[in-house]
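Structure first, commentary second.
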Amino acid sequence: MAFIFSEQITNPSVRVAKFLNQGLKKMKAAYFSQYGSPDVISIKDIPAPTPLPNQILIKNKACTVNRTDSGFRSAEYFVSRFFSGLFKPKFHVLGTDFAGEVVGIGADVKRFKIGDSVFGFDDSLFGGHAEYLVIDENKVVTTFPDSIPYTIAACIFEGGHYALSNIKAANLHPGQTVLINGGTGSIGSAAIQICKHFGAHVTALCGGEHLDIVKDLGADEVYDYTKIKTLSELNKTFDFVFDAVGKRSFAEAKPILKENGIYISTELGKHLENPLLGILGNYKKRKRVLFPIPVSKAEDAEFLRDLVINGSYKPLIDPKKFEFEEIAEAYRYIETGQKIGNVVLSLE
Ligand SMILES: NC(=O)c1ccc[n+]([C@@H]2O[C@H](COP(=O)([O-])OP(=O)(O)OC[C@H]3O[C@@H](n4cnc5c(N)ncnc54)[C@H](OP(=O)(O)O)[C@@H]3O)[C@@H](O)[C@H]2O)c1
290 MAFIFSEQIT NPSVRVAKFL NQGLKKMKAA YFSQYGSPDV ISIKDIPAPT PLPNQILIKN
350 KACTVNRTDS GFRSAEYFVS RFFSGLFKPK FHVLGTDFAG EVVGIGADVK RFKIGDSVFG
410 FDDSLFGGHA EYLVIDENKV VTTFPDSIPY TIAACIFEGG HYALSNIKAA NLHPGQTVLI
470 NGGTGSIGSA AIQICKHFGA HVTALCGGEH LDIVKDLGAD EVYDYTKIKT LSELNKTFDF
530 VFDAVGKRSF AEAKPILKEN GIYISTELGK HLENPLLGIL GNYKKRKRVL FPIPVSKAED
590 AEFLRDLVIN GSYKPLIDPK KFEFEEIAEA YRYIETGQKI GNVVLSLE
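Residue numbers (the numbering used here): 290 to 637.
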C-alpha cells in the first residue's frame, strides 16, 4: 500500500523532501482511545503522518507487541498516566519497536536517506503499530544492513535496551558472576547474551521446557525456576542478581549476593519496595538494590545492532505468529506472562 512517493532534492540550498500524494493518504493502525484491556484496541484507517523538517517517514515492515506497550495501554500502574495522559491516552497508536524503510525525509534531516533500512524505539510518541510512522532523526533510530531481516531488527531494542541499561547500572566486569531470573523473557534473554559479551559467568532460571533454549543463548548454568523454591537453594553467590521478570525479591536475593553485590528487578516489587530500596541503596556500600531509570539512546541501538551483526546477540523470538489484524490477541498472549522473548508482527 505505497501511497506516498518521496523524492529528495539534493541541492543543499533547497534541500527539501517532497511528498507527492499518490492515492489515499490513509494507513492501517492499531488504534485505542481509552485505557483498558486488549479489547480497547481496534484496527482502523487513520491519516498517515507527515514528517516535520527534522523527522523521517518510515514505511513500517515489522513491530513488536511488548510489555511497555501493554503497560501504557492498560495504565495499570497509574504513574504511567503522568506521561501518557491522566484520564485518556494522549497517543492513540502504541508500538515502541519498529523496523522499516525510510520513504520520506524532512528538509533538515542529515543522518538518513530515502531507502535506508532502519529500526528504532519510541516510548514517548510511540507509533510502531501502524503502516507508517515518523520519528525525529536524533531519537532512537538507526540503520541496519540487509543481512538482518526486518522481523529480527524490530526485536533488537526493547528487551536489549532494558537489559543493557540495568547491566550498565550494575557496572558489570569480566569474570563477575550474574544470576538472571527469567532467562526466556525479552529482557532476560537479551541480558544473558549481553552479560556473556561482557565476559561474565551467567546462571539463569527459566521454565523446565525452555532449559535448552536458554543454554543456547549462552548461559553457563541453567535451572528450572519451578524447582527452585528459594534462591539460597542454588548454593552459589553472585555479584549481580538481575530479576528480569520481577518474580523474586531483594529479601530472597540478599543471602546469595556477594559483599557489594547488586540486586536489580524490572518490577516495582510486591509491596512497591524496589524504588525505595533503590534510593536507600545509593547510600549503602554493601549488598544493595538499584532501581535505575532506563534512558533510551541511539548509541545503544547502534551497540545492540553491532552485537547482532557480529553474532553476539540473537533476539529471541516467540514461535507464536500473529497477523497485524490480530494484535489484540497478541496483547492477550503476552499478558499471560508466558511469552518467549519477543512477539513480532510483520506488516509486509
Ligand atoms: N521497567 C520497565 O519500564 C519495563 C519495561 C518492559 C518490561 N518490564 C517488565 O519486565 C518484565 C519482563 O518483561 P519481558 O517482556 O522481558 O518478559 P515477560 O514477557 O514478562 O516474561 C515472560 C517469561 O517470564 C518467565 N517467567 C514466568 N514466571 C516466572 C518465574 N516465576 N520465574 C522466572 N521466570 C518466569 C516465563 O518463562 P517460561 O516460559 O520459561 O516459564 C516467560 O517466558 C515484566 O515484568 C515487565 O512488566 C518493565
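Heads up, the beta-carbon is just placed ideally off N, CA and C, and yes, glycines get one too. Fair warning: this is a prediction, and the values are worked out from it, not measured in the lab.
Extent of the continuous beta strand (DSSP E) run through residue i
| i | result |
| --- | --- |
| Gly550 | 546 to 554 |
Opening and closing residue of the alpha helix (DSSP H) in which residue i lies
| i | result |
| --- | --- |
| Val503 | 500 to 505 |
| Phe455 | According to the sequence shown, residue 455 is Asn rather than Phe. That run of the alpha helix (DSSP H) goes 446 to 458. |
| Thr541 | It is Glu, not Thr, that sits at residue 541 in the sequence shown. Taken as a continuous stretch (DSSP letters only), the alpha helix (DSSP H) holding Glu541 covers 539 to 542. |
| Thr440 | 439 to 442 |
Residue i Cβ short of 6 Å to ligand 1 heavy atom set
| i | result |
| --- | --- |
| Cys495 | yes |
| Lys628 | yes |
| Ile666 | Nothing about residue 666 can be reported from this structure: the residues present for the chain run from 290 to 637 only. |
| Gly449 | no |
| Lys559 | no |
| Gly417 | no |
| Glu510 | no |
| Gly474 | yes |
| Asn470 | yes |
| Glu541 | no |
| Thr385 | no |
Contact test: residue i Cβ vs ligand 2 heavy atom, cutoff 6 Å
| i | result |
| --- | --- |
| Val632 | In the structure shown, ligand 2 is absent; the only ligands present are ligand 1. |
Whole-angstrom distance between residue j and residue i, CA atom to CA atom
| i | j | result |
| --- | --- | --- |
| Cys484 | Ile545 | 18 Å |
| Arg621 | Pro327 | 6 Å |
| Phe401 | Glu426 | 8 Å |
| Leu520 | Gly360 | 28 Å |
| Lys559 | Ala542 | 14 Å |
| Ile330 | Ile616 | 8 Å |
| Leu309 | Lys609 | Here the model assigns Leu309 a pLDDT of 39, short of 50, so the residue's position is not dependable and the matter cannot be decided. |
| Ala442 | Ser601 | 14 Å |
| Asn455 | Gly567 | 13 Å |
| Asn349 | Ala540 | 44 Å |
| Asp607 | Val633 | 8 Å |
| Asn343 | Ile394 | 8 Å |
| Asn631 | Val534 | 14 Å |
| Asp532 | Ser554 | 5 Å |
| Tyr514 | Ala388 | 34 Å |
| Phe380 | Asp509 | 42 Å |
Whole runs of the beta strand (DSSP E) within the region 564 to 598, excluding any shorter than 3 residues | 577 to 579
Should the region 368 to 379 be called in touch with the region 454 to 465, which here means at least 3 C-beta pairs below 8 Å?
-> no
Please confirm if the region 442 to 451 is in contact with the region 591 to 600, defined as three or more CB-CB distances below 8 Å between the two stretches.
-> yes
Answer yes if the region 467 to 478 comes into contact with the region 498 to 509, meaning at least three C-beta pairs across the two stretches below 8 Å, and no otherwise.
-> yes
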